[in-house]
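Numbering (the working numbering), first residue to last: 8 to 386.
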């Protein structure tokens with residue numbers, strides 16, 4: 008296992024592979040039914056192999072991920088890892104909620120402190136909530152009394168909002184979606200570099216795009232990688248591209264199978280920053296162009312269309328449409344669409360076609376028409 012450090016925490020080695028507890032193996036169809044025996048073995052095997060960063064969050068697995076992690080880190084494993092979890096900013100409605108959620112999370116995790124605590128899924132709107140309801144003061148209190156050690160945030164918003172959040176607090180780290188496709192998505196490569204210039208360490212989430220960069224590769228993509236002449240799987244190419252960036256301290260993988268863990272550990276023993284040749288980076292660029300040319304909706308997820316009066320998460324809907332098209336993954340993406348958006352009343356079928364969003368769209372997307380098509384595709 009290779010290790011890197013956060014710029015503001017130089018004496019703390021962090022494994023370049025982090026264990027994400029959002030996609031644990033389950034026993035039945037519902038996400039809350041974690042297969043604890045198998046998941047515990049996977050997590051402990053990862054720690055025994057050198058993984059020392061474990062990431063969870065309040066809502067993962069229907070709220071069961073944190074309690075599972077607390078149990079899985081018994082028998083001395085808690086002392087061997089840096090434990091990260093996230094405050095559900097999207098559920099905060101009053102100033103007292105910051106303390107309430109943190110105290111509940113400490114109980115669920117059965118620990119007296121969280122090593123790395125993140126404000127979850129910040130965007131422009133949630134950042135305003137954080138400031139208005141005293142979220143930054145709550146972070147200061149928790150750092151002061153030892154309930155959290157290091158403060159950061161995860162991000163799902165526009166580049167402008169990312170820059171604003173970075174400037175708004177003395178962050179030690181942040182977590183962004185970063186992989187060989189998403190160089191211009193949300194914070195992206197520019198955000199990675201901006202955070203580094205501010206001394207803020209970066210954690211990469213979705214390094215394999217939810218596994219889509221690892222499996223079911225289209226024939227043209229397999230052909231591009233084959234020209235590299237390396238015995239690397241698509242997953243290894245994707246991992247090496249992420250870890251080629253020295254700014255990435257650790258990258259999270261939601262491993263739910265033994266073969267995934269073995270492959271990821273093997274690559275994490277070998278990958279190093281700047282190791283890819285210009286020719287190999289060119290191949291990665293070709294793969295990126297292949298996928299991006301299959302995009303159906305020219306949405307940049309800027310969020311100018313929001314808030315929708317009916318609560319539709321328009322950029323999220325469009326992102327799922329594009330994912331289905333890029334990876335020929337209609338079935339899998341439809342399952343996510345139903346589980347994440349329909350279940351919360353934020354899917355395309357909630358649109359009342361008021362048209363309030365369309366004049367705000369910099370890309371002039373006919374949003375109402377595309378939402379109808381999206382729901383026919385995924386709903």
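Virtual Cβ for every residue (Gly too), placed ideally from N, Cα, C.
Per-residue DSSP class, three states only, for residue 326 | Indexing the chain shown from 1 puts residue 326 at position 319. Of the three classes helix, strand and coil, the one that applies to residue 326 here is helix, per DSSP.
Is the beta carbon of residue 49 less than 8 angstroms from the beta carbon of residue 258?
-> Taking the first residue of the chain shown as 1, we reach residue 49 at position 42. Taking the first residue of the chain shown as 1, we reach residue 258 at position 251. No.
State the DSSP-derived secondary structure class of residue 211, mapped to helix, strand or coil.
-> Here residue 211 corresponds to residue number 204 of the chain shown, with the count starting at 1. DSSP places residue 211 in strand when its eight states are reduced to three.
Which residue comes first and which comes last in the beta strand (DSSP E) that contains residue 17?
-> Working through the chain shown from its first residue, we reach residue 17 at position 10. Segment 16-22, the beta strand (DSSP E) holding residue 17.
C-alpha distance - residue 203 paired with residue 380, whole-angstrom precision = Stepping through the chain shown from its first residue, residue 203 is reached at position 196. Stepping through the chain shown from its first residue, residue 380 is reached at position 373. Spanning the two alpha carbons is a distance of roughly 40 angstroms.
In this structure, does DSSP put residue 257 in helix, strand or coil?
-> Within the chain shown, numbered from 1, the residue matching residue 257 stands at position 250. Strand.
For the stretch 67-79 and the stretch 20-34, state whether three or more C-beta atom pairs, one from each stretch, are separated by less than 8 angstroms.
-> yes
Cα-Cα separation between residue 127 and residue 212, rounded to whole angstroms = In the chain shown, counting from the first residue as 1, residue 127 sits at position 120. In the chain shown, counting from the first residue as 1, residue 212 sits at position 205. Going by the C-alpha atoms only, they are around 13 angstroms apart.
In its own chain, which residues sit with a C-beta less than 7 angstroms from the C-beta of residue 197, not counting the 5 before and 5 after it?
-> Working through the chain shown from its first residue, we reach residue 197 at position 190. Closer than 7 angstroms at the Cβ level, and outside the excluded window around residue 197, lie 166.
Roughly how many whole angstroms lie between the Cα atoms of residue 192 and residue 170?
-> If you number the chain shown from 1, residue 192 lands on position 185. If you number the chain shown from 1, residue 170 lands on position 163. When rounded, the distance between both Cα atoms is 14 angstroms.
Determine the extent of the beta strand (DSSP E) in which residue 267 is found, giving its start and end residues.
-> Here residue 267 corresponds to residue number 260 of the chain shown, with the count starting at 1. Element bounds for residue 267: not the beta strand (DSSP E) but the alpha helix (DSSP H), 265-275.
Would you identify the three-state DSSP class for residue 3, choosing helix, strand or coil?
-> Outside the shown range of the chain, which is 8 to 386, sits residue 3, and nothing can be said about it.
Helix, strand or coil at residue 124 according to DSSP, with G and I counted as helix | The residue labelled residue 124 in the question sits at position 117 within the chain shown. Strand at residue 124.
Count the C-beta pairs between the stretch 88-97 and the stretch 57-65 that are closer than 8 angstroms, then say yes if the count reaches three, no if not.
-> yes
At what residues does the alpha helix (DSSP H) containing residue 318 begin and finish?
-> As a first step, residue 318 must be located in the chain shown, where it is residue number 311. Here residue 318 belongs to no alpha helix (DSSP H), and DSSP marks it neither H nor E.
So, is residue 35 buried or exposed, given that buried needs 16 or more other C-beta atoms within 10 angstroms?
-> Indexing the chain shown from 1 puts residue 35 at position 28. Exposed is the call here.
The stretch 274-284 touching the stretch 294-312, judged by at least three CB pairs closer than 8 angstroms | no
Output the distance between the C-alpha atoms of residue 123 and residue 20, rounded to the nearest integer angstrom.
-> The residue you call residue 123 lines up with position 116 of the chain shown. The residue you call residue 20 lines up with position 13 of the chain shown. For residue 123 and residue 20, the distance between alpha carbons rounds to 14 angstroms.
So what does DSSP say about residue 372, is it helix, strand or coil?
-> Taking the chain shown and counting its residues from 1, the one referred to as residue 372 is at position 365. In this structure, residue 372 counts as coil in the three-state DSSP scheme.
Sub-8 angstroms separation of residue 330 and residue 340 beta-carbons = Walking along the chain shown from the start, residue 330 turns up at place 323. Walking along the chain shown from the start, residue 340 turns up at place 333. Taking 8 angstroms as the Cβ cut-off, residue 330 and residue 340 qualify as a contacting pair.
What whole-angstrom Cβ distance do residue 185 and residue 201 have, given they're in contact under 8 angstroms?
-> Counted from its first residue, the chain shown places residue 185 at position 178. Counted from its first residue, the chain shown places residue 201 at position 194. About 13 angstroms; that fails the 8 angstroms criterion.
How close, in whole Å, do the beta carbons of residue 304 and residue 372 come, if the pair is a contact with beta carbons under 8 angstroms?
-> Mapped onto the chain shown, residue 304 falls at position 297. Mapped onto the chain shown, residue 372 falls at position 365. Sure, about 7 angstroms apart at Cβ, within 8 angstroms.
Can you tell me which of the three DSSP states residue 279 falls into?
-> What you label residue 279 is simply residue 272 of the chain shown in a count that begins at 1. Coil.
What number of angstroms, rounded off, separates the C-alpha of residue 264 from the C-alpha of residue 298?
-> Taking the first residue of the chain shown as 1, we reach residue 264 at position 257. Taking the first residue of the chain shown as 1, we reach residue 298 at position 291. Each residue's Cα considered, the two are about 26 angstroms apart.
Measure from the alpha carbon of residue 84 to the alpha carbon of each residue in 112, 51, 358, 64, then state which is nearest.
-> Numbered from its first residue, the chain shown carries residue 84 at position 77. For residue 84, the nearest C-alpha among the options comes from 51.
Nearest to residue 300 by alpha carbon, out of 313, 285, 188?
-> As a first step, residue 300 is located in the chain shown; it is residue number 293 there, counting from the start. Cα-wise, what sits closest to residue 300 is 188.
Assumed close pair residue 312, residue 367 - CB separation to whole angstroms, cut-off 8 angstroms | As a working note, residue 312 is residue 305 in the chain shown. As a working note, residue 367 is residue 360 in the chain shown. Indeed they touch by this definition, with Cβ atoms about 5 angstroms apart.
Could you tell me the boundaries of the alpha helix (DSSP H) in which residue 33 lies?
-> Your numbering for residue 33 matches position 26 in the chain shown. Here residue 33 belongs to no alpha helix (DSSP H), and DSSP marks it neither H nor E.
Mapping DSSP to helix, strand and coil, what is residue 252?
-> For the purposes of this step, residue 252 is taken as residue 245 along the chain shown, with counting starting at 1. Residue 252 falls in the coil class under three-state DSSP.
Could you tell me whether the Cβ atoms of residue 180 and residue 210 are closer together than 8 angstroms?
-> For the purposes of this step, residue 180 is identified with residue 173 of the chain shown, where counting begins at 1. For the purposes of this step, residue 210 is identified with residue 203 of the chain shown, where counting begins at 1. Closer than 8 angstroms, so yes.
Which residues in the same chain have their Cβ closer than 7 angstroms to the Cβ of residue 205, if we skip the five residues on either side of it in sequence?
-> Within the chain shown, the letter at position 198 stands for residue 205. Correct list, in chain order: 173.
Can you tell which of 355, 321, 361, 342 has its C-alpha closest to the C-alpha of residue 164?
-> Here residue 164 is taken as the residue at index 157 of the chain shown, counted from 1. Selected option, being the one with the closest Cα: 321.
Within 8 angstroms, strictly: CB atoms of residue 374 and residue 317 | Taking the chain shown and counting its residues from 1, one reaches residue 374 at position 367. Taking the chain shown and counting its residues from 1, one reaches residue 317 at position 310. No, they are not a contact pair.
Going by CA-CA distance only, name the one from 289, 272, 253 that's closest to residue 280.
-> Taking the chain shown and counting its residues from 1, one reaches residue 280 at position 273. Considering only alpha carbons, the answer is 253.
Select from 282, 241, 82, 18 the residue whose C-alpha is nearest the C-alpha of residue 214.
-> Looking up residue 214 in the chain shown gives position 207. Selected option, being the one with the closest Cα: 241.
Would you say the beta carbon of residue 88 comes nearer than 7 angstroms to a heavy atom of the ligand ATP?
-> Inclusion of the ligand ATP in the displayed structure is not the case, the ligand content being empty and no account of it being possible.
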